[in-house]
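Comments concern the structure below.
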């Protein structure tokens, strides 16, 4: 059994509270085990300079942790005056993943700013951010639909993410918590669509390596877990869920 | 009547959820109307270099807003690479205020890091931060008492804060929300102790001025409001409330 | 008697040398005891982006100390690559105070840059800066009047500032020098207009508190002191003094 | 045929010039098609603070491009005052990959600084950097062996990297040049050891997705290419090649 | 004899490889003894804001060293987040020198970005940079001539640079290597044109001084050395060499 | 005649007010025509890390201008968050020059911080800074002598600086003011000792060149001017003047 009594292929409990913060066009609080992330999607009616005049939109993401989201307090990046490499890597990943399922040609010259702020961390903050941010973005587009600023839901498919890994005893496990993550030989983040296609695979053997067989096992574990998460996203989205993919019809 | 149906001398509803985040020694979510602030108090077992070897402790505070805590999204200070003047002013105020009611000689060479992170803003974020941070700090000292790291509650008195102001029609009001604050001629933040002493008074007539009579009216409004807030703090603190001031006995 | 033989309600000697530096439209060297500040007011024929097209002007202030203005040499903020919280607090205060007595609608789309550079410090540098900057700003507007760029003196009233405090022995004193400031329980900066209205009150009990009675005493001391300073400002301004307030007539 | 007349499974010509720069303990110029990277490995006789006293070493990497390594000139990161997210991602990847094949316990409290400076870029700069840096690091350890500072070659296995991708017409290709990379639907970087284990897999469908079948095809292409690169590394290393893996014997 | 067997008035061997990097309009690798600098000249079809609308061009230079160009590894300026005073001094010198021999009125509203990146350092990196950058700039203008973007070679005269110095034993020497430079009492960099006029003289007695006689000796040594370098530049430039100075005819 | 009625070989009026600021160990206000610089020398009882344990001292200089020292207001370097290349060049020059006439072995492990703050600028600010800083440093050493912290005046010789230049009409002139400097073809700064040795020569033909004959003329003009300035320094230093050079006796 795992350190929190889960089966190897078992996700932690996930809840998504929609409309969590008042001001953003889309907002959720996602909880995955003890990891909690506020995901806000803000719509700005213009695009960055390098995209102007093309008639299409852009999605960009920012990620941050409260200083005491973790066991040890971290120094704020605003105090240090610079964003860490880890933060940059994560926010680039979130933005890229969201852009892969949104039809940017259908949202006009708008920027969707996605802010993922981790208020409590216990592993898997980047995958929880993607899973929650997807819902926040759909909610934000829901507002644009409601105000008739756009005509179709520009989201082509579901987007969801989780982690898998190999422990030092060789077990492959799904959805690692912080303690597991710290002790794993291999850590892999998988981002997938509702139709089972990969958006991003990032597998790392930090001071270790892994075989093709282990890779296959991890990919299978991830696929099964991600299917379950999509059900949760669907439930939260209600009527908006039915409109996902409508631009392709 | 005010824009949210309150009387001039009426506070907004206040709730304080203790132990909101798992990792910090003290943690609360304070809600004042639509303003929501996570206040975390972290204990570090050393003091900054300029204080080493004196056998006493230090309290320092940091304040931040999520980018979309406000009506318009703000650029993150970590992205800009520097902390704004407004943020610095606020975090210096919070730290100074907390230090005024804590007996730093009684906490050993420890630093209390207070993080006030506004997740939703509707005016009065700095005063809500002080009110909430006070509770978080007492909770953190509660942990030190429980582990027998200190023997007495080092908090000398209650600490609470609110705002008062003068609207353009001359009315003095208590606990301004964002819209009121934007339209006020005078804005004053008052920080007080449980025994009714001032810790800090900051009154500003931005592009306006105010008379001594108006000052008196505002001070009176504030005193009455702050008394009510102390009751809420007391209730949340439970048994720890009784130990406040015990170092003076 | 105080450490420099003054009465409790006695100001330090104040001198203001007008037209101290050649290039600025308005320039003074203000000396308050051993505190010396060069206050320069520069007129720029445009406003910051957020104010363009409104037909009104803006006043902004910057404050700095020479590294060896103080007993111990300080590292330059340009070397550290960032402006300290203290500096930001002070320059925001100076700008806000000046804007409260200037009719920004009457100066066209111009920015008045006020630079307060402390060349020697002995307490009260922020209040000396405000008192001196007011004169520099009036002199700068005098230049605009002379060149007929504006028709009326846009300054509505006098502006002057000083500090008051409570020593550890309970005495309330006016215009604290550095040694007094270091030892005071309470330190309060008061900015007032010529008609006796408050522009800003900032009272702080660093690691201490103060009562309403002590507050009243300090406000009274400040009022009396500020009246004397206005006389000095008037004398320096000569003919320009008579034009202050003319937009209200 | 591809835009440079290669077969889909064909690498670009690779050359590695050892001892390219005089001062570093290990140095190569690696050329992969038109991509040229100077890889220098420097040995410092201490480790970063967080590792002191553990008796083991550390490897860290930095990556940079000359401003005109690319078709359009880029602004220097030193002028911008910060390192971009892309650079951080790459240098973290290089360091992590090298650490996975080096026995850090066998190098004493030393830091190996690996500098990968791209002087000409045509796609695949991060994988060329890893392939070249591996050789530079082995050369640097060769110097430590020569001076008898260490007794065994601490490198456990070969390390090499390449890219694979899926073009918009569905073809899977090996070792993408810049033009191919810009037009690919999927881009995947693979880092492998000499024994065919994965060290890192990073597959990204920027604004696109990919299936499990496409993933398998790409992994196979990569494996075949990487085997060829190891032969080139071996030839350059000469006698040092035979000592790789000796700590495991 | 000198530490590398040269006569006092003897230059180190110089080679200049033209078209070293593919992308830039002009590119050379210059080698002076063990000092190696990549000099790239990039043409941008616009000028900095302060020069717009004047119909003339601009030349600006940037200088950098690879971290391990030197005996000891240096921290990257991009990691430190700021450019050092030494770097600034050097890049200002290179830009100024190049501008003195180019007729900026004849190049249209274009900026020539000159990047001098030292890949291996053994003294004289700034003078090697100027000598090499001159060739790169002429090559870049050659491209503009070829594409008929300009009609005449806008370079008025040759530009070349070297160092001279006085050793502690009083000997005046030409073209100091790193070891000589470290031990010299006086170090002087001379930039000259083909017609023997000075562009820049920078003579420094770091913690030492020098007489007018020593100055004369050094100037003579430099003149003789610089004449030889011009021959090398001429040879590399081939047909372009004949067009230098044609705007004056 | 020149734009301010001077002869070509005539200096502007120079005054040096000693002990200008209270706190520094040495302080002067130097006025050269309309250029005014506060030069403060501060003694710190330790040296920078790279010099510890060698038993000798260090001199370092910083240079800055008040924003409105010039005709147009400049943005503060502290606001920009970085020091400009021009500032760095100047402060490196001042420090280097001062170190060349001080016997650093005779001052113990102390750092002399020299701050040159230009409060009004009309050309020649760097040379005025050197001339004034020299006096401030001697005054500071005078304090160390008075307190018997050192036994001998560690200053070996006088140090003084001025500028010379060539106007567009070919005239060589001494001590350029701002307007002359802006129009000069050649600008040269000369730093000399009391015994007529050069410490630093920096001659620049910005977008122009100069001949050996012009160089000779400028050097002669400078020598004559610098002799006059030394007389002014001597007079100000009084008794301390006699002790300069005593370590050599």
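Residue numbers (full-length UniProt numbering), protein chains in the order written: chain R, 1 to 249; chain E, 1 to 249; chain V, 1 to 249; chain P, 1 to 249; chain A, 1 to 249; chain X, 1 to 249.
Glycine is no exception: its CB is placed at the ideal position from the N, C-alpha and C atoms.
Please read all numbers here as calculations on a predicted model, not as lab measurements.
- With the criterion set as a beta carbon lying under 7 Å from some beta carbon of chain E, the members of the UniProt domain "Exoribonuclease phosphorolytic" (10-139) of chain V are 82, 85, 88, 89, 92, 96, 99 and 100, in sequence order.
- Proximity of chain V to residue 174 of chain E at the Cβ level (cut-off 9 Å) is not reached, the minimal Cβ distance being about 17 Å.
- Going by beta carbons, residue 63 of chain R and residue 123 of chain R fall outside the 9 Å limit.
- Around residue 138 of chain A, the same chain offers 155, 237 and 240 as residues with beta carbons nearer than 6 Å, after the five sequence neighbours per side are excluded.
- If you look at residue 242 of chain R, you'll find it in the alpha helix (DSSP H) that goes 239-243.
- Rounded to the nearest whole angstrom, the C-alpha separation of residue 143 of chain V and residue 71 of chain X is 15 Å.
- By the Cβ neighbour-count rule, residue 65 of chain R is buried, with 16 or more other Cβ atoms within 10 Å of its own.
- Judged by pairs of C-beta atoms under 8 Å, the stretch 100-109 of chain P touches the stretch 195-211 of chain R, as three or more such pairs exist.
- Straight through space, the alpha carbons of residue 127 of chain P and residue 217 of chain R are spaced by roughly 26 Å.
- The C-alpha of residue 173 of chain P lies about 6 Å from the C-alpha of residue 9 of chain P.
- In this structure, residue 43 of chain V lies away from residue 21 of chain V, with their beta-carbon atoms at least 9 Å apart.
- Under a criterion of Cβ atoms nearer than 7 Å, the residues of chain X adjacent to residue 211 of chain A are, in order, 197.
- Inclusion of residue 189 of chain V and residue 168 of chain V in the CB contact set at 9 Å is not warranted, their separation being larger than that value.
- Beyond the five residues adjoining it in sequence on each side, residue 86 of chain P comes within less than 8 Å, by CB distance, of no other residue in the same chain.
- Residue 19 of chain E is positioned such that its CB atom lies closer than 9 Å to that of residue 28 of chain E.
- Proximity of the stretch 106-126 of chain R to the stretch 113-121 of chain P falls short of the contact definition, fewer than three beta-carbon pairs being nearer than 8 Å.
- Within the stretch 199-232 of chain P, 199, 200, 201, 202, 203, 204, 205, 206, 207, 208, 209, 210, 211, 212, 215 and 219 place their CB atoms closer than 8 Å to a CB of chain R, listed in sequence order.
- Exposed is the label assigned to residue 195 of chain V, since fewer than 16 other Cβ atoms lie within 10 Å of its Cβ.
- Here DSSP, grouped into helix, strand and coil, assigns residue 234 of chain E to helix.
- At a cut-off of 9 Å between C-beta atoms, residue 188 of chain X counts as an interface residue with respect to chain A.
- Beta-bridge annotation (DSSP): residue 117 of chain R is paired with R:38 and R:64.
- For residue 200 of chain R, there is no enclosing alpha helix (DSSP H); the enclosing beta strand (DSSP E) has its first and last residue at 198-204.
- Annotation: the stretch 147-234 of chain P contains the following complete segments of the beta strand (DSSP E) (minimum length 3 residues), in chain order: 159-166, 172-174, 186-193 and 198-204.
- Restricting attention to beta strand (DSSP E) runs no shorter than 3 residues, the stretch 5-34 of chain A encloses them at 14-18 and 26-32, ordered along the chain.
- Spanning the alpha carbons of residue 153 of chain A and residue 107 of chain A requires a straight line of approximately 9 Å.
- For the options X:223, X:176, X:181 and X:193, the alpha carbon positioned closest to that of residue 6 of chain X is the one of X:176.
- Distance from residue 24 of chain A to residue 68 of chain P at the Cβ level is roughly 5 Å; contact confirmed, criterion being Cβ atoms closer than 8 Å.
- Take residue 17 of chain V, set aside five residues on each side of it, and the residues of its chain with a beta-carbon closer than 7 Å to its own are 28 and 29, in chain order.
- Beta-bridge partners assigned by DSSP to residue 111 of chain E: E:44 and E:58.
- A distance below 6 Å between beta-carbons, with the five flanking residues on each side excluded, links residue 134 of chain E to the following residues of its chain, in chain order: 159.
- Assignment of residue 83 of chain P by DSSP, reduced to helix, strand and coil, places it in the coil class.
- Residue 157 of chain V belongs to the set of residues whose beta carbon lies under 9 Å from a beta carbon in chain E.
- Within a 10 Å sphere around the beta-carbon of residue 40 of chain R sit 16 or more other beta-carbons, which makes this residue buried.
- A distance below 6 Å between beta-carbons, with the five flanking residues on each side excluded, links residue 205 of chain R to the following residues of its chain, in chain order: 186.
- Judged by beta-carbon spacing, residue 203 of chain P lies within the 9 Å limit of residue 215 of chain P, meaning their Cβ atoms are closer than that value.
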